[in-house]
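Peer 1: Sharing a structure below in structure tokens format, with a few things to ask.
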Amino acid sequence: MIILGLTGSIGMGKSTVSKMARRLGVPVYDADAEVHRLQGPGGKLVEAIDALFPGVGGEAGVDRVALGRHVLGDKGALARLERLIHPVLVESRRDFLRRHRSRRVVILDVPLLFEKGGWRSVDASVVVSAPAWKQARRVLARPNMNPLKLRNIRRLQMPDHIKRQRADFVIDNGGSVHRTMSQLRHLLACVSAHGVRYCRSCGKSSSTPKRPA
340 MIILGLTGSI GMGKSTVSKM ARRLGVPVYD ADAEVHRLQG PGGKLVEAID ALFPGVGGEA
400 GVDRVALGRH VLGDKGALAR LERLIHPVLV ESRRDFLRRH RSRRVVILDV PLLFEKGGWR
460 SVDASVVVSA PAWKQARRVL ARPNMNPLKL RNIRRLQMPD HIKRQRADFV IDNGGSVHRT
520 MSQLRHLLAC VSAHGVRYCR SCGKSSSTPK RPA
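Residue 340 is where the sequence shown starts when you use the numbering used here, and the numbers rise one by one after that.
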């Protein structure tokens, strides 16, 4: 099994690439979706999060907007929340890998792959990138989002140019959906055929993912 770690800053299109991979039949573990499930109605972590931040939990699960007011801009509060969530995510990820151990390639979709050291647990990292102006336009179109919140989120994330330098593969998601899909298809074919060793055709055209020098 080859484990690819998929990441990218907010608004870069990581979730789009993740959905494309699923359509191509690749098993994807979505860390964000798992957190949503754990915090949703009847979720395993609702009670514990409400105990940590009183008033954010209820029958409908955790109020993510209210939770965000507690943790955005407060590194100590965010660290406490992460210490609560991390062990549960580790176990669910292990379950995912056990279920799909017979597959050639699987993807771990992890927003903070580099920031939290998750890159050490994968065979190769894949960064989804796009121009900063396009990132901002996408994010600010979301409900409950504003420039201040975007700046706070960006401060928590490694800058895009550093992620691209550290990545084994970079998918440019600044163009058309077709171009993004072409890069993903090439990446998966390359990894399936050659493992994570260098593929000479990577980075030769706009339809292939980039391999940083």
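From the three backbone atoms N, C-alpha and C, an ideal C-beta is built for every residue, glycine too.
1. Does the beta-carbon distance from M351 to V467 come in below 7 Å?
2. Under a three-way DSSP split, which group does V329 fall into?
3. Which runs of the alpha helix (DSSP H) spanning at least 4 residues fall entirely within the segment 418-454, listed in chain order?
4. Using the three-state DSSP reduction, which class does G397 fall into: helix, strand or coil?
5. Helix, strand or coil for G513 per DSSP?
6. What residue range is occupied by the uninterrupted beta strand (DSSP E) comprising I501?
7. Where does I341 sit, in a helix, a strand or coil, going by DSSP?
8. In chain order, what residues of the same chain lie with their CB nearer than 8 Å to the CB of V461, ignoring the 5 residues before and after it?
9. Quick one: is G347 buried, meaning 16 or more other Cβ sit within 10 Å of its Cβ, or exposed?
10. Report the rounded CA-to-CA distance for D389 versus G382, giving the unit in angstroms.
11. To which residues of the same chain is S431 closer than 6 Å at the C-beta, ignoring the five residues directly before and after it?
12. For P450, is the classification buried or exposed, using 16 other Cβ atoms within 10 angstroms of its Cβ as the cut-off for buried?
13. Identify which residue in V465, H525, P482, P486 has its Cα closest to the Cα of K502.
14. How about L420 and V429: are their beta carbons less than 7 Å apart?
Peer 2: Result, derived from the coordinates:
1. Taking the first residue of the sequence shown as 1, we reach residue 351 at position 12. Taking the first residue of the sequence shown as 1, we reach residue 467 at position 128. Taking 7 Å as the cut-off, the beta carbon of M351 is found closer than this to the beta carbon of V467.
2. Given a span of 340 to 552 for the chain in the structure shown, any question on residue 329 remains unanswerable.
3. Counting whole runs of 4 or more residues, the segment 418-454 contains no alpha helix (DSSP H) stretch at all.
4. The residue you call residue 397 lines up with position 58 of the sequence shown. Of the three classes helix, strand and coil, the one that applies to G397 here is strand, per DSSP.
5. Along the sequence shown, one-based indexing puts residue 513 at 174. It is coil, neither helix nor strand.
6. To locate residue 501, count along the sequence shown from 1; it is residue 162. From DSSP, I501 is part of no beta strand (DSSP E) but of the alpha helix (DSSP H) over 499-505.
7. Within the sequence shown, numbered from 1, the residue matching residue 341 stands at position 2. I341 carries a strand assignment under DSSP once its states are collapsed to helix, strand and coil.
8. The sequence position of residue 461 within the sequence shown is 122, counting from 1. Close CB contacts of V461 within its chain, under the 8 Å cut and outside five residues either way in sequence, are with I342, L343, G344, L447, L452 (chain order).
9. The residue labelled residue 347 in the question sits at position 8 within the sequence shown. Buried, by the Cβ-count rule.
10. As a working mapping, residue 389 is identified with position 50 in the sequence shown. As a working mapping, residue 382 is identified with position 43 in the sequence shown. Distance between the alpha carbons of D389 and G382 is about 12 Å.
11. For this step, residue 431 is matched to residue 92 along the sequence shown. Correct list, in chain order: E373.
12. For the purposes of this step, residue 450 is taken as residue 111 along the sequence shown, with counting starting at 1. Burial of P450 is indicated by the presence of at least 16 other C-beta atoms within 10 angstroms of its C-beta.
13. Translated into positions along the sequence shown, residue 502 becomes position 163. Between K502 and the set V465, H525, P482, P486, the nearest pair of CA atoms involves V465.
14. Counted from its first residue, the sequence shown places residue 420 at position 81. Counted from its first residue, the sequence shown places residue 429 at position 90. No, Cβ-Cβ distance for L420 and V429 is not below 7 Å.
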